[in-house]
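As numbered in my numbering, residues 360 to 553 make up the sequence shown, in order. Only one structure is covered here, and it is reproduced in the block below.
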Amino acid sequence: MPARQAAPKRVLRPGTNLYPLPAVLVSCAAEVGGERRENLITLAWTGIACAEPPMITIAVRKSRFSHGLIAASREFVVNVPSADMSLAVDLCGSISGRDADKFARAALTPSPAGVVRAPLVAECPVSLECRVRHTYEAGSHDLFVGEIVAVQAAETVLDADGKIDVALVDPLAYGGGWYWRLGERLGAYGHSVA
Ligand SMILES: Cc1cc2nc3c(=O)[nH]c(=O)nc-3n(C[C@H](O)[C@H](O)[C@H](O)COP(=O)(O)O)c2cc1C
């Protein structure tokens with residue numbers, strides 16, 4: 360392997376400097392004051408945590424309206440938007456469901472999930488239905504660890520073998536205060552030893 364040049368380092372204050380992050384739309388629903396409320400929240404702090412069972416984490420600030428819905432229902436759906444949905448994603452991360460119907464404001468369609476009661480976002484090509492298994496109070500944010508109990512994928516992003524093709528999903532990335540689209544494919548898993 361060719362050697363690479365290493366730049367001199369500067370020590371910065373501790374922060375959340377990890378790139379890129381996925382920008383996802385998390386849908387959730389619960390009864391609030393006797394009325395069923397469905398909501399969307401944009402999250403970048405999400406990550407896969409386990410394969411068997413499949414688990415995902417989401418970090419949600421305690422003050423978010425969505426936090427209360429997820430804590431009460433113990434369910435959420437991670438919807439993976441395409442890069443061309445950045446306006447809707449940004450809107451759902453800029454206003455609160457306390458004051459607005461974000462599905463209507465972002466022109467997104469709630470559609471019934473297969474297993475959980477929270478709705479899916481019909482326009483998102485991939486949706487992961489989750490049930491909360493653990494909650495870790497990290498500080499400003501609570502980390503909800505959800506088991507992925509069902510996956511829904513649009514026919515349009517499936518390859519000939521029925522597997523999700525990431526290039527067709529064209530997922531939205533986030534980093535440094537900007538939205539990004541993925542670039543070129545560099546090599547398959549294991550290409551260094553193949
Ligand atoms: C790109 C982006 C990423 C965000 N990531 C998170 C996150 O990981 N966790 C979080 O609590 N809020 C995050 N937010 C902020 C919430 O989406 C925002 O406060 C939202 O309005 C909360 O909605 P709610 O009150 O209806 O739940 C993000 C916002 C944007 C635009």
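Just so you know, even glycine gets a beta-carbon here, dropped at the ideal spot from N, CA and C. What you are looking at is a predicted structure, and each value in this text was computed from that prediction instead of being measured.
- [ ] List the whole-angstrom C-beta distance separating leucine 384 from proline 440, where the pair is believed to meet the contact cut-off of C-beta under 8 Å.
- [x] Going by Cβ atoms, the distance from leucine 384 to proline 440 rounds to 6 Å, so yes, they are a contact pair.
TODO: Consider the C-beta atom of arginine 423 and the heavy atoms of ligand 1; say whether any pair is separated by less than 7 Å.
DONE: Within the cutoff, so yes.
Open item on the list: Quick check on histidine 426: does DSSP put it in helix, strand or coil?
Closed with: Of the three classes helix, strand and coil, the one that applies to histidine 426 here is helix, per DSSP.
TODO: Would you kindly report the start and end of the unbroken beta strand (DSSP E) that includes serine 486?
DONE: 485-496
Task: Residue range of the unbroken alpha helix (DSSP H) whose run includes valine 552 - done: Valine 552 -> no alpha helix (DSSP H), and no H or E assigned at all.
- [ ] May I ask which residues mark the beginning and end of the alpha helix (DSSP H) holding serine 445?
- [x] 445-451
TODO: Could you pull out every residue in the same chain whose Cβ sits closer than 8 Å to the Cβ of arginine 492, ignoring the five residues on either side in sequence?
DONE: Met414, Val504, Gly505, Glu506
Task: Bridge-paired residues (DSSP) for glutamine 511 - done: In DSSP, glutamine 511 forms a bridge with Ser486.
Open item on the list: So, at 8 Å on beta carbons, what are the nonlocal neighbours of asparagine 398 in its own chain, with the 5 sequence-adjacent residues on each side left out?
Closed with: Ser386, Cys387, Ala388, Phe424, Ser425, Leu428, Gly456, Lys461
Open item on the list: Can you look up leucine 527 in the DSSP assignment and give me helix, strand or coil?
Closed with: Reduced to three states, the DSSP call for leucine 527 is helix.
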